[in-house]
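Q:
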Amino acid sequence: MEYVENRMAQEAAKPAASGALLTPLNFLLVGVLVYTAYVFYKPKPPVTLPKDEPAVVFRTFTPRTLLPYNGVDGAPVYLAVRGRVFDVSRGRNFYGPGGPYANFAGRDASRGLACGSFDEEMLTKDLDGPLDTLADLGAEEMDALKGWEERFSEKYLVVGKLVPVGEEKEKA
Ligand code: HEM
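Under the working numbering, the letters of the sequence shown match residues 1372 to 1543, in that order.
(1) Starting from residue 1400, follow its DSSP beta bridges and name the residues at the other end.
(2) Using a Cβ-based criterion (distance less than 7 Å to any ligand heavy atom), does residue 1526 qualify as near the ligand HEM?
(3) Following a CB-centred definition, is residue 1530 positioned closer than 7 Å to any heavy atom of the ligand HEM?
(4) Per DSSP, residue 1413 forms a beta bridge with which residues?
(5) So the alpha helix (DSSP H) residue 1465 belongs to, where does it begin and stop?
(6) Return yes when the C-beta of residue 1459 is under 7 Å from any heavy atom of the ligand HEM, and no when it is not.
(7) Bridge partners for residue 1432 per DSSP, in chain order?
(8) Measure the Cβ-Cβ separation of residue 1494 and residue 1479 and say whether it is below 8 Å.
(9) Using 7 Å as the cut-off, classify the Cβ of residue 1455 as near or not near the heavy atoms of the ligand HEM, replying yes or no.
(10) Exposed or buried, which one is residue 1449 when buried takes at least 16 other CB atoms within 10 Å?
(11) Where does the unbroken beta strand (DSSP E) through residue 1480 begin, and where does it stop?
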């Protein structure tokens, strides 16, 4: 009995076994705990809705007001086909400055597309005059043009119509 009492006294006299807590496993567990708390409580960025594309406003252009949409200095690139103005900015590589079809940027491209030609005379010379009626073109050329129109309709947005100077205010 005396032995038991002695042992108890010995055990009671021992310093608290705080060192026993400092094991690698405990460090790991505390680390995991701290990390979990951090992930759980860290401030979350406010929820934002994705930005909308700028609204497309259907506009009326004349050959002259269409002209600045030629992609120069980052401007949008528009071109007209049979009175419909397409935003071809997505095809900037084709129509932007230095592109193979840059001649059509900001212009009525109908005749050039119909005839498969980049010649200057394919473009409306008098920007304040009447639009090109294409009346002299043959069936083959018109078919080619319709093919291009279909392609553009699938690929690009129509952002307006092309009218001659003086008809801007008339009903759409
Ligand atoms: C040497 C002859 C030509 C070659 C090698 C050529 C080559 C090409 C190529 C590789 C494309 C890209 C197709 C794609 O990835 O969608 C393309 C598109 C186009 N080409 Fe040509 N082309 C030629 C002549 C012409 C001519 C004569 C015209 C009309 C005047 C023309 C007008 C266009 C147009 C409008 C596009 C469509 C661009 C778009 O999708 O917005 N090309 N051409």
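Yeah, the Cβ is synthetic: ideal placement off N, Cα and C, and Gly gets one too.
A: Working from what's here:
(1) If you number the sequence shown from 1, residue 1400 lands on position 29. Residue 1400 pairs with nothing; no bridge assigned.
(2) Within the sequence shown, the letter at position 155 stands for residue 1526. Because some heavy atom of the ligand HEM lies under 7 Å away, the Cβ of residue 1526 counts as near it: yes.
(3) Your numbering for residue 1530 matches position 159 in the sequence shown. At a cut-off of 7 Å, the beta-carbon of residue 1530 does not count as near the ligand HEM: no heavy atom of the ligand is closer than that.
(4) Numbered from 1 along the sequence shown, position 42 holds the residue referred to as residue 1413. For residue 1413, no pairing in a beta bridge is given by DSSP.
(5) For the purposes of this step, residue 1465 is taken as the residue at position 94 of the sequence shown. Here the alpha helix (DSSP H) through residue 1465 covers 1463-1466.
(6) Your numbering for residue 1459 matches position 88 in the sequence shown. Residue 1459: yes, Cβ under 7 Å from the ligand HEM.
(7) Your numbering for residue 1432 matches position 61 in the sequence shown. Answer is 1533.
(8) Your numbering for residue 1494 matches position 123 in the sequence shown. Your numbering for residue 1479 matches position 108 in the sequence shown. Result yes, Cβ atoms of residue 1494 and residue 1479 sit closer than 8 Å.
(9) The residue labelled residue 1455 in the question sits at position 84 within the sequence shown. Answer for residue 1455: no, Cβ out of range of the ligand HEM.
(10) Taking the first residue of the sequence shown as position 1, residue 1449 is located at position 78. It is buried - the Cβ of residue 1449 has at least 16 other Cβ atoms within 10 Å.
(11) In the sequence shown, counting from the first residue as 1, residue 1480 sits at position 109. Judged by DSSP secondary structure, residue 1480 falls outside any beta strand (DSSP E); it is assigned neither H nor E.
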